[in-house]
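Student:
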C-alpha cells in the first residue's frame with residue numbers, strides 16, 4: 003500500500019508546485035485603446051505562440067509570422083521580445099492570454115478585461131433639498147459607470163486632499179461648515195475624472211466667535 007501512495011503523493015506534489023509557478027497578471031485595456039503584453043523573457047527567440055482562451059492569436063516559426071482569425075490586421079508581434087499588441091480593443095478581446103516561447107509555456111499568463119473610461123461625475127445631495135436647516139445630509143458621486151468597473155471613489159473638502167471613500171458620503175453640519183465646497187473623483191485602471199466643486203449647504207463664511215471662557 004505504501005508503494006502505491008508514494009507515487010500518488012509525488013504526482014500531487016508536482017501538480018501543486020507546477021500550479022504555484024503559474025502567475026496570472028490582471029490587465030486592463032480601454033475600449034478602443036491598445037493592449038500591450040510583454041512576457042518577461044530574455045534570450046534568443048526562435049518560436050512564439052500566443053493564445054487567447056482556446057483560440058490562436060499569432061505564431062512565429064522561423065521567419066514566418068501568421069496571425070489568426072479576428073486578430074488579423076489588429077495584432078502586432080515583436081519577434082525580438084515576444085511583445086503582443088492589439089489595437090482598437092473591444093470586449094471580444096477580453097479573456098486569458100498565454101504565450102509559448104521556444105516551445106516552452108511561459109510562467110506568466112494575462113487575464114485581460116476591456117473597460118470604458120469613467121464619466122465626469124457630479125456631486126448630488128440626498129435629499130435634494132439639503133440646506134443649512136438640517137443637521138446632516140448624504141452626498142453621492144453620481145455618474146453612469148456601467149462597463150467601467152472596477153471604479154473607486156475619493157472625496158475632497160474645499161481645497162484639501164483627496165481622501166479615498168465610497169460612492170456615498172455623509173456630511174454633518176457641525177463638522178463641515180468651514181468648507182465652502184465638496185468635490186468627488188472617480189477612478190478606474192484606465193482613467194480618472196473629477197467633478198466640479200459643489201457648494202456646501204452648511205458652509206458659514208463668517209463663523210461667530212464664541213464667548214471668552216470665564217477665568
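In my numbering, the protein residues as written are 3 to 217.
Beta carbons: idealized from backbone N, C-alpha and C, even for Gly.
Quantities reported herein were computed from a predicted structural model and do not represent experimental measurements.
#1: Going by C-alpha distance, which of 111, 175, 145 is nearest residue 169?
#2: Starting from residue 183 and walking both ways along the beta strand (DSSP E), at which residues does that stretch end?
#3: Enumerate, from N- to C-terminal direction, the unbroken beta strand (DSSP E) stretches of 3 or more residues contained entirely within the segment 144-170.
#4: Looking only at C-alpha atoms, which of 174, 123, 159, 82 sits nearest to residue 189?
#5: State the beta-bridge partners of residue 105 as determined by DSSP.
#6: Counting only the same chain and skipping the five closest in sequence on each side, list residues whose C-beta sits under 7 Å from that of residue 72.
#7: When DSSP builds the beta bridges, which residues end up paired with residue 26?
#8: For residue 71, does the three-state DSSP call read helix, strand or coil?
#9: Taking the beta carbon of residue 53 as the centre, do at least 16 other beta carbons fall within 10 Å, making it buried, or is it exposed?
#10: List the DSSP bridge partners of residue 38.
#11: In this structure, what does DSSP give as the bridge partners for residue 97?
#12: For residue 201, which residues does DSSP report across the bridge?
#13: Under 8 Å, do residue 27 and residue 108 count as touching if we go by C-beta distance?
#14: Going by beta carbon distance, what residues of the same chain come within less than 8 Å of residue 121, once the five residues before and after it are set aside?
#15: What first and last residue would you give for the alpha helix (DSSP H) that runs through residue 175?
#16: Taking only the alpha-carbon atoms, compute the straight-line gap between residue 200 and residue 125 and give it to the nearest angstrom.
#17: Can you tell me where the beta strand (DSSP E) with residue 127 in it begins and where it stops?
#18: Here's the rule I'm using: 16 or more other beta-carbon atoms within 10 Å means buried, otherwise exposed. How should residue 66 be labelled?
#19: For the beta strand (DSSP E) containing residue 120, name the first residue and the last one.
Tutor: In short, the structure shows the following:
#1: Selected option, being the one with the closest Cα: 145.
#2: Segment 183-190, the beta strand (DSSP E) holding residue 183.
#3: You should have 154-159, 165-167.
#4: Closest option to residue 189, Cα to Cα, is 123.
#5: Answer by DSSP bridge pairing: none, since residue 105 is not bridged.
#6: Once the five neighbours on either side are set aside, the close Cβ partners of residue 72 are 94.
#7: Residue 26 is bridged to 111.
#8: Three-state result, residue 71: helix.
#9: Result: buried.
#10: Looking at the DSSP assignment, residue 38 forms a beta bridge with 87.
#11: Paired residue(s): 114.
#12: In DSSP, residue 201 forms a bridge with 183.
#13: Contact: no.
#14: Shown here for residue 121: same chain residues with a beta carbon closer than 8 Å to its own, the five before and five after excluded, namely 145, 146, 147, 150, 188, 195 in chain order.
#15: Per DSSP, residue 175 belongs to the alpha helix (DSSP H) from 175-178.
#16: Between the C-alpha atoms of residue 200 and residue 125 there is a straight-line separation of about 6 Å.
#17: Segment 124-128, the beta strand (DSSP E) holding residue 127.
#18: The Cβ neighbour count for residue 66, taken over all protein chains shown within 10 Å, is under 16; the residue is labelled exposed.
#19: In this chain, residue 120 is not harboured by any beta strand (DSSP E), its DSSP state being neither H nor E.
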